[in-house]
Structures are given as C-alpha cells and as structure tokens.
C-alpha cells in the first residue's frame, strides 16, 4: 500500500472532475461487486472512484478558497486511506488467495484504475485543446473516463482468462 501512496503523491498537476462522473464511477463499483466480477476489475473501478472523489473535493476546496499545506497530497492520501484501510481490516485486502503475481488484486486494481482515470482526464484535455478548448461531444468529460474504464475492464477480463 505504501507504493500506491508514493505514486499518488508524486503527481504534480490534477484536474477537477465533475460530480456526475464521480457518481458514474461509483455505480460501476457497485455493479462489479453485484455481478461477482473479479477483484482486479472491481479494484480498477474503486481506484477510479477514489481519485475522482479526491479531485472533486480538491476542486471544491479551491472554489471555497480553503487552502492548507500540501492540500492536494493530503486529500488524495486521505481518500485512499479512508477507502483502503477498512478493506484491509475487514480482510478484503491482504487475503493470500486474492493476489495476482504476488500483489493483492484490489490494490493492483486501484493503481490501474487511478492511472486509467488520470489518462482519461489527460485525453479529455487533449481533445479539448485540439478543438479550441471546446468539447467534441456532450458530456465528454463524463464519457471519456467511463469508456477508458470499460476498455480497461475488458482488457483485464481477457488477460485474467488467459492467465487462469
């Protein structure tokens, strides 16, 4: 878990994410658990939800002019701890049979989901830049992260099928 926190704290620039996107990612987490989908995929959606929520709160703080030392890093680390520590203490994280290549599936999924979500934000920014800072289609800021997460989930599903 320490490596996840170190990687997350190394990001310099983060962008705000809309509440609708955060809700959509949250719905994805609920669906994967409901349908019994592998924890690596569930972890991917959990990681995306955590970073999405973190960025949303950071944006809210900035709009309210609430600032404190290392605010972004503290908010992001706090969100990961708030979500992952209960999963660890309840036995969902750290279960010996729930690993892939020696790494806990939920933690690895969280890292993949976080990276996927950040790449989706960067892709959205890039597309806007190409289009004179305008969206190419309605709800682009919501659609791109969801599409990235769905594609990542499908790739992980296919890779899990190959590995098993």
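In the working numbering, the protein residues as written are 2 to 165.
By construction, the Cβ of each residue, glycine as well, lies at the ideal position given by its N, Cα and C atoms.
Nearest candidate by alpha-carbon position, reference residue i, set the options
i	options	result
residue 72	57, 85, 86 and 84	57
residue 77	156, 33 and 119	119
residue 117	52, 35, 33 and 135	52
residue 50	111, 133 and 70	111
residue 189	46, 80, 98 and 109	Residue 189 is absent from the structure shown; the chain starts at 2 and stops at 165.
residue 158	36, 42, 37 and 69	42
residue 121	138, 81, 142 and 80	142
residue 165	138, 133 and 100	100
residue 188	54, 135 and 139	Outside the displayed span of the chain (2 to 165) sits residue 188, for which this structure offers no information.
residue 102	80, 161 and 70	161
residue 85	70, 48 and 130	48
Beta bridge counterpart(s) of residue i as assigned by DSSP
i	result
residue 100	105
Sub-8 Å separation of residue i and residue j beta-carbons
i	j	result
residue 39	residue 126	no
residue 108	residue 44	yes
residue 145	residue 124	yes
8 Å contact criterion, which residue i and residue j should meet: CB distance rounded
i	j	result
residue 95	residue 150	So it is not a contact: roughly 25 Å between Cβ atoms.
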